[in-house]
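Residue numbering for the sequence shown follows full-length UniProt numbering, starting at 1 and increasing by one per position.
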Amino acid sequence: MRHAFGIFLRTQAKTYLWLLIAALAVSLCAVNQWLPESQRLFSGDEWLRDRYAQLKAKDLPEERLALIDIDDHSISVLGATPWPRERIADLIEKLITEFNVRGVALDIYFEKQQDTVGDQRLAMLAAHGPVVLAQAFDFNKNKFTPARNGQLIGGVPASTFTRAELDHMAPATGFIANHTGLSDARFIGNIGFVPDPDGTLRRIPVQTCFNNQVYDTLSRVLLQCCSGKKTARTYAGNSRFSDVDENGFARVDYSRTLASYEVVPALSVLQGTTPLESLQGKYIIIGSSSLSLADRVPTPLHASTSGFLVHAQALTTMLDEQEGKHYAKWPGRWIALLFSILTAGMAVFMFPRFSALWNTLMLGIASCTWVILAYLVVDHDMWFSPISPLVANFFLLAVAVPFGWQTAQRKSRRLLGTLQQYVAKAVVQELLRSDLKDPLAPRQLHVTTLIADMEGYTSQVENLPMEEAANLTREFLECLTAPVLEKGGTLDKYTGDGLVAFWGAPLPVENHADLALDAAIEIVKNVRKLSNLYELQGRKKIRVRIGIESGIAIAGDFGSSFRSIYTAVGDSVNTASRLEDAARHFPHDIIIGKGTVDSSNRHNFLPLGERLLKGKEKPTTIYTVEVMV
1 MRHAFGIFLR TQAKTYLWLL IAALAVSLCA VNQWLPESQR LFSGDEWLRD
51 RYAQLKAKDL PEERLALIDI DDHSISVLGA TPWPRERIAD LIEKLITEFN
101 VRGVALDIYF EKQQDTVGDQ RLAMLAAHGP VVLAQAFDFN KNKFTPARNG
151 QLIGGVPAST FTRAELDHMA PATGFIANHT GLSDARFIGN IGFVPDPDGT
201 LRRIPVQTCF NNQVYDTLSR VLLQCCSGKK TARTYAGNSR FSDVDENGFA
251 RVDYSRTLAS YEVVPALSVL QGTTPLESLQ GKYIIIGSSS LSLADRVPTP
301 LHASTSGFLV HAQALTTMLD EQEGKHYAKW PGRWIALLFS ILTAGMAVFM
351 FPRFSALWNT LMLGIASCTW VILAYLVVDH DMWFSPISPL VANFFLLAVA
401 VPFGWQTAQR KSRRLLGTLQ QYVAKAVVQE LLRSDLKDPL APRQLHVTTL
451 IADMEGYTSQ VENLPMEEAA NLTREFLECL TAPVLEKGGT LDKYTGDGLV
501 AFWGAPLPVE NHADLALDAA IEIVKNVRKL SNLYELQGRK KIRVRIGIES
551 GIAIAGDFGS SFRSIYTAVG DSVNTASRLE DAARHFPHDI IIGKGTVDSS
601 NRHNFLPLGE RLLKGKEKPT TIYTVEVMV
């Protein structure tokens with residue numbers, strides 16, 4: 001009764017241990033989910049989201065807007081930047097009057113005055129036309145003296161917003177704005193941003209708060225400009241841009257590939273080579289892809305993206321939402337936590353019952369399932385951590401590893417115990433280090449087989465007492481066995497008064513023939529020494545016969561469920577046996593087949609002619625080697 005109670009307690013303790021491990025895994029997921037992004041315990045969320053963005057981005061042409069690019073070709077033809085303000089004014093006027101575009105936003109700010117006429121024309125266009133100028137806010141809180149250049153305009157008093165609304169805005173520390181000559185502009189948008197720590201631009205400040213004034217981002221102001229409604233209210237709850245991080249930044253939904261956007265060189269607009277209907281009624285963003293202007297940023301879609309393409313992506317999302325294309329919001333954090341709980345529950349059930357391989361497979365399948373599920377969820381929750389359930393799974397896997405290690409250790413001990421009966425320790429260690437899944441499984445290998453036997457064994461022992469006969473057999477087999485193992489051979493079996501050994505299995509060996517010959521020579525030397533000792537004791541001399549042949553054989557663990565043995569079978573093995581038998585007809589202790597001669601690189605052979613071996617249809621050329629004592 002006491003013993004049964006002890007078993008029950010141990011079983012319960014193991015159950016509680018697994019429950020504790022599962023709870024820790026789930027806790028890791030939960031803590032990482034609800035921590036602010038900047039404080040999360042594990043990185044990898046953004047990398048995974050970037051992969052999803054690349055998979056989800058559509059090639060659907062964006063026909064509602066176009067980008068006017070001050071590209072390298074336009075610069076090479078019309079001159080280096082900054083372009084004269086008159087040329088910029090010409091470009092805007094052409095777009096508005098000739099192409100009849102809906103509105104124009106500039107991803108360019110004019111910090112200093114330049115040509116007077118050009119600046120005046122720009123000021124008139126910004127004050128009376130559907131034109132949005134740009135200013136850039138600085139969000140770096142660590143700067144000792146943040147930039148405050150130009151005339152900041154376009155703000156709405158922060159007092160018109162609630163505290164909750166202001167908490168959703170990005171606080172700025174500085175700015176670079178246009179010169180005072182453009183201060184009458186009706187619409188102006190922020191083009192400043194802060195890349196993530198890895199340098200990738202994934203989010204923008206939709207609304208910025210600075211000196212108790214609120215400012216909108218460029219793409220949103222362009223919509224206000226074209227609708228005639230200037231408002232700085234926060235976004236509704238079903239908008240992507242209502243979801244911001246702890247710093248007031250919203251994710252850019254890179255829903256279109258970069259190739260989806262129509263990009264028109266500024267030169268072709270100025271020269272009139274662009275068809276008028278191609279831009280009619282479209283929202284226009286003017287920017288530059290020129291490398292000389294360094295307005296390029298890494299994004300989830302490309303390592304080098306022109307800045308105005310980021311504003312275009314934001315504008316696409318806003319236009320989609322205007323057309324009623326909203327993603328329903330899902331509780332991504334709770335979905336991730338529930339999935340982690342289910343996986344941990346499966347682990348509690350499976351880990352004590354299945355091998356490490358099956359447990360690892362289960363966690364792998366669960367992780368792949370989550371990667372697919374997270375692909376569906378990321379569009380509905382912009383801030384949950386898709387990597388957290390994978391971290392929990394990795395924690396569970398780390399627990400499964402010791403179990404796998406124990407299983408591998410047991411397997412190694414079994415393998416060690418089996419092979420040490422046949423092969424040298426060095427070969428066993430090499431096997432354990434090898435990548436072979438099952439070193440004992442039958443395989444076709446090129447091997448050299450050595451078969452040794454005592455000549456006249458029966459006559460040697462028939463008149464000896466049993467103890468002396470046993471000692472003779474043991475001493476003779478020691479003469480045979482030691483060289484085999486010293487030369488890295490595999491001991492197949494003892495045949496009463498002899499043995500069968502081979503080289504080249506279970507691990508392939510390049511010089512298997514030479515190693516077998518080395519062992520054979522050492523065997524002959526050992527037997528001759530033992531024979532000389534016997535002769536001095538007044539006993540009969542003994543002689544060993546050895547047959548050696550090389551060739552293809554199948555080596556592996558053969559047998560039944562009752563008993564198995566590691567051995568080699570094949571024609572070369574049979575030939576070695578026939579050669580050993582033929583040695584009785586020669587004054588040489590070692591008889592060698594042609595396969596071994598062909599495979600050897602460092603032994604000299606003496607041909608003995610041809611002999612028809614038992615079971616062979618054609619004569620076999622045989623050889624020997626001299627043994628120098």
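Where a beta carbon is used, it is the ideal one built from N, C-alpha and C, also for glycine.
Pop quiz: residue i and residue j are said to be a contact at Cβ under 8 Å. What is the actual Cβ separation, rounded to whole angstroms?
i           : j           : result
residue 651 : residue 481 : There is simply no residue 651 to check, as the chain begins at 1 and stops at 629 in what is shown.
residue 576 : residue 547 : 5 Å
residue 310 : residue 195 : Actually they do not touch by this definition, with Cβ atoms about 11 Å apart.
residue 533 : residue 542 : Going by Cβ atoms, the distance from residue 533 to residue 542 rounds to 10 Å, so no, they are not a contact pair.
residue 101 : residue 279 : 5 Å
residue 447 : residue 555 : 6 Å
residue 550 : residue 596 : 4 Å
Quick one: what's residue i bridged to in DSSP?
i           : result
residue 607 : 623
residue 256 : 58
residue 454 : 544
residue 262 : 66
residue 136 : 176
residue 446 : 552
residue 682 : Absent from the model: residue 682. The displayed extent of the chain is 1 to 629, so no value can be given.
residue 592 : 548 and 623
residue 215 : 208
residue 305 : 297
Checking 7 Å against the spacing of the C-beta atoms, do residue i and residue j come in under that value?
i           : j           : result
residue 248 : residue 216 : no
residue 95  : residue 266 : no
residue 705 : residue 170 : The structure shown does not extend to residue 705, since the chain spans only 1 to 629, so no value can be given for it.
residue 307 : residue 225 : no
residue 260 : residue 29  : no
residue 334 : residue 380 : no
residue 528 : residue 453 : no
residue 70  : residue 288 : yes
residue 355 : residue 393 : no
residue 387 : residue 44  : yes
residue 37  : residue 245 : yes
residue 140 : residue 111 : no
residue 201 : residue 299 : yes
residue 147 : residue 108 : no
residue 344 : residue 22  : yes
residue 501 : residue 484 : yes
residue 79  : residue 119 : no
residue 511 : residue 479 : no
residue 222 : residue 64  : no
residue 203 : residue 250 : yes
Which term fits residue i, buried or exposed, when burial requires 16 or more other beta carbons within 10 angstroms of its beta carbon?
i           : result
residue 607 : exposed
residue 365 : exposed
residue 440 : buried
residue 47  : exposed
residue 178 : buried
residue 358 : exposed
residue 16  : exposed
residue 325 : exposed
residue 253 : buried
residue 618 : exposed
residue 376 : exposed
residue 610 : exposed
residue 493 : exposed
residue 285 : buried
residue 370 : buried
residue 255 : buried
residue 167 : exposed
residue 565 : exposed
residue 604 : exposed
residue 661 : Residue 661 is absent from the model: the chain starts at 1 and stops at 629.
residue 592 : buried
residue 568 : buried
residue 349 : exposed
residue 135 : buried
residue 292 : exposed
residue 142 : exposed
Could you tell me whether any Cβ in chain B is nearer than 7 Å to the Cβ of residue i?
i           : result
residue 152 : This model lacks chain B altogether, as it is built from one protein chain only.
Exercise for review: Would you mind listing the alpha helix (DSSP H) stretches within the stretch 507-572 that are 4+ residues and don't spill past its ends, in chain order?
Suggested key: Within the stretch 507-572, complete alpha helix (DSSP H) segments of at least 4 residues are found at 512-536, given in chain order.
Review point. Along the chain, which unbroken stretches of the alpha helix (DSSP H) at least 4 residues long are found entirely within the stretch 354-402?
Key: You should have 356-377.
Point to revise | Inside the stretch 19-104 only - alpha helix (DSSP H) runs reaching at least 4 residues | key: 45-56, 72-78 and 85-93
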